[in-house]
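Residue numbers (this note's numbering), protein chains in the order written: chain C, 113 to 391; chain G, 489 to 821.
Note that CB positions come from ideal geometry on N, CA and C, so glycine has one too.
Computed from a prediction, not measured in an experiment: that's the story for all the values here.
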């Protein structure tokens, strides 16, 4: 595929802007990883320097792995994130299908109502959520977190997916109906595969706030058995003394699982885009 | 098997009435074409027959059975869509066999029917491919094959040729005509292209603004249009409409004459005029005249003719081929 050539000056500027953005976006991540590999004095004396032979130290990582059940925390974070994404996508896609496919009274109103969740933060309802969880006996369970995060992810999922589902050809769905596919089969076998790129987008947008969240784990599941990584790292941040080595090491470790999940989803995203364009 | 009766079908979206009482009878084995301008309700009518839309009121009977409450898959129909609507994740073979499989037919029977249909449409080399690996014409053949495999009582075609290029359209049109002859099945076909309608149909239903304007064989519509709409819609270039008063005809409101029913002469004739544009098509020459009596007039001459812009010519209509329309735009007989 040949493209119209851009003038070198213009493409130079574009690349400059992109490079600048990349540096800004990567800077905190690189800084965290860099400093997690230094000893405590070096972190404070030369925070921007690369670890050298003298300042290199894995003390942070050994502390993290020794203290507390970090593997368990990771497991909790992963379970909560993956299961929440799964339910948010499943129920979001189902609601989006109903909203985009069927004409019924109050369709637009219901769509708006579901989209309001994008604008109103779920944390406003924390007290009520906590009361509800206490009443249901779900405090200090991962289920509590999964329920809250699914609810938190739904509005955006419904909003984005219903827009995408409107673009799926009516003819295709009708062909399925004539061939005797049930509405469920049409949803799962025809529509879902076609909106996969949109699902990947939603998954990425849903995943990151869940993985990084401190608020709900702290309130709903602070017990040792249900701690997530973000909450687990807080052990090292004290009111008076903070073990920066350990905090930075924990944060560096916490980046990787989410990075892997992102790579998986973004692959889908790119594949979906090219599949549509090349046809 | 394969007759269809529609009785006073009405369909409204909100306050907007798309179908305003359609009555129609289709006999077994007939090839019926719904034709009309976009937005006339022809596709909606097809969808009502298929069961993809519910009619607001009225009755649909297939083979004498009321099917208004029957889901599409149980109506014994098959539909071919403009956008092909093939399942992108299935191979050609699975695309064609899915309907039967859903009905619970044994695998051997499905395979046999798919093999037969693909032989009919010479699709055998492509059976293992996915739709994305096929050209537009092949995709449409697969879509037709998918319909054949179901052995329906009624074939429904929704503008099946609109997405194909001109050469392919002619080929596929021939293929559909051949299929109709060999399957002897009842087919209902929607198009906005009057050439398709004229070439394929046993019976054409001309629709306009949600109502049937006329039903008849292609030649009936051409020779005896019931009103000015049908007169103008069927035939290309369009029929000339002339105010009857200008011709001294007080009994009618409009007089229609087809471009091919006018002869030209340089010496003498009924209407003197000037050539304002000429289109040389080889087989035909189409002239646009500005005449003193009739205003703008289109004339179609067969073969090549050497007329130029600004030539003065005399046009004479074939009196027997003139159509007179009354004040309500209906034909006067």
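Contact under 9 Å by Cβ, residue i with residue j
i: residue 792(G); j: residue 784(G); result: no
i: residue 547(G); j: residue 609(G); result: no
i: residue 357(C); j: residue 175(C); result: yes
i: residue 359(C); j: residue 349(C); result: yes
i: residue 633(G); j: residue 605(G); result: yes
i: residue 760(G); j: residue 798(G); result: no
i: residue 652(G); j: residue 678(G); result: no
i: residue 560(G); j: residue 290(C); result: yes
i: residue 270(C); j: residue 208(C); result: yes
i: residue 580(G); j: residue 617(G); result: yes
i: residue 461(G); j: residue 674(G); result: Shown here, chain G extends from 489 to 821; a query on residue 461(G) therefore has no answer.
i: residue 641(G); j: residue 292(C); result: no
i: residue 369(C); j: residue 323(C); result: yes
i: residue 148(C); j: residue 172(C); result: yes
i: residue 512(G); j: residue 492(G); result: yes
i: residue 743(G); j: residue 731(G); result: yes
i: residue 284(C); j: residue 574(G); result: yes
i: residue 735(G); j: residue 782(G); result: yes
i: residue 773(G); j: residue 728(G); result: no
i: residue 515(G); j: residue 524(G); result: no
i: residue 257(C); j: residue 192(C); result: yes
i: residue 194(C); j: residue 365(C); result: no
i: residue 205(C); j: residue 299(C); result: yes
Through-space distance from residue j to residue i, alpha-carbon basis
i: residue 541(G); j: residue 286(C); result: 10 Å
i: residue 688(G); j: residue 378(C); result: 50 Å
i: residue 305(C); j: residue 623(G); result: 22 Å
i: residue 740(G); j: residue 811(G); result: 10 Å
i: residue 319(C); j: residue 157(C); result: 36 Å
i: residue 163(C); j: residue 170(C); result: 11 Å
i: residue 222(C); j: residue 282(C); result: 22 Å
i: residue 695(G); j: residue 520(G); result: 13 Å
i: residue 259(C); j: residue 338(C); result: 14 Å
i: residue 602(G); j: residue 518(G); result: 25 Å
i: residue 737(G); j: residue 504(G); result: 39 Å
i: residue 570(G); j: residue 627(G); result: 11 Å
i: residue 586(G); j: residue 303(C); result: 16 Å
i: residue 733(G); j: residue 814(G); result: 12 Å
i: residue 355(C); j: residue 130(C); result: 35 Å
i: residue 685(G); j: residue 588(G); result: 31 Å
i: residue 296(C); j: residue 249(C); result: 34 Å
i: residue 664(G); j: residue 583(G); result: 19 Å
i: residue 122(C); j: residue 141(C); result: 30 Å
i: residue 693(G); j: residue 790(G); result: 29 Å
Burial state of residue i, where buried means 16 or more other Cβ atoms lie within 10 Å
i: residue 629(G); result: buried
i: residue 243(C); result: exposed
i: residue 274(C); result: buried
i: residue 375(C); result: exposed
i: residue 182(C); result: buried
i: residue 278(C); result: exposed
i: residue 262(C); result: buried
i: residue 390(C); result: Confidence at residue 390(C) is low in this model, with a pLDDT of 39, below 50, so its placement is unreliable and no value can be given for it.
i: residue 794(G); result: exposed
i: residue 113(C); result: Residue confidence is low: residue 113(C) scores 45 on pLDDT, short of 50, so the model does not pin down where it sits. No coordinate-derived value is stated.
i: residue 312(C); result: buried
i: residue 352(C); result: exposed
i: residue 821(G); result: exposed
i: residue 646(G); result: buried
i: residue 715(G); result: buried
i: residue 698(G); result: buried
i: residue 648(G); result: buried
i: residue 566(G); result: buried
i: residue 718(G); result: buried
Beta-carbon separation (whole angstroms), residue i vs residue j, contact threshold 8 Å
i: residue 706(G); j: residue 750(G); result: Contact doesn't hold; Cβ gap of about 22 Å is too wide.
i: residue 253(C); j: residue 333(C); result: 7 Å
i: residue 509(G); j: residue 496(G); result: 5 Å
i: residue 809(G); j: residue 757(G); result: Actually they are not in contact, since the Cβ atoms of residue 809(G) and residue 757(G) sit about 16 Å apart, beyond 8 Å.
i: residue 264(C); j: residue 234(C); result: 5 Å
i: residue 343(C); j: residue 363(C); result: Residue 343(C) to residue 363(C), Cβ: 13 Å. No contact.
i: residue 747(G); j: residue 713(G); result: About 14 Å; that fails the 8 Å criterion.
**Study point:** Segments assigned alpha helix (DSSP H), at least 4 residues, entirely inside the region 295-362 of chain C
**Key:** 308-324, 327-332, 341-345
Exercise for review: Can you check the region 745-796 of chain G for any beta strand (DSSP E) of at least 3 residues that lies completely inside it and give the ranges in chain order?
Suggested key: 750-753, 759-768, 772-779, 783-790
Practice item. Just list the alpha helix (DSSP H) runs in the region 215-251 of chain C, keeping only unbroken ones of 4 residues or longer that don't cross its boundaries, in chain order. Key: 219-231, 238-248
Practice item. With a floor of 4 residues, list each alpha helix (DSSP H) that falls wholly inside the region 646-704 of chain G, ordered by position along the chain. Key: 654-671, 682-688
Point to revise | Secondary structure, alpha helix (DSSP H): runs of 4+ residues fully inside the region 710-735 of chain G | key: 716-721
Practice item. For the region 611-649 of chain G, list the beta strand (DSSP E) runs that are entirely contained and at least 3 residues long, ordered along the chain. Key: 642-646
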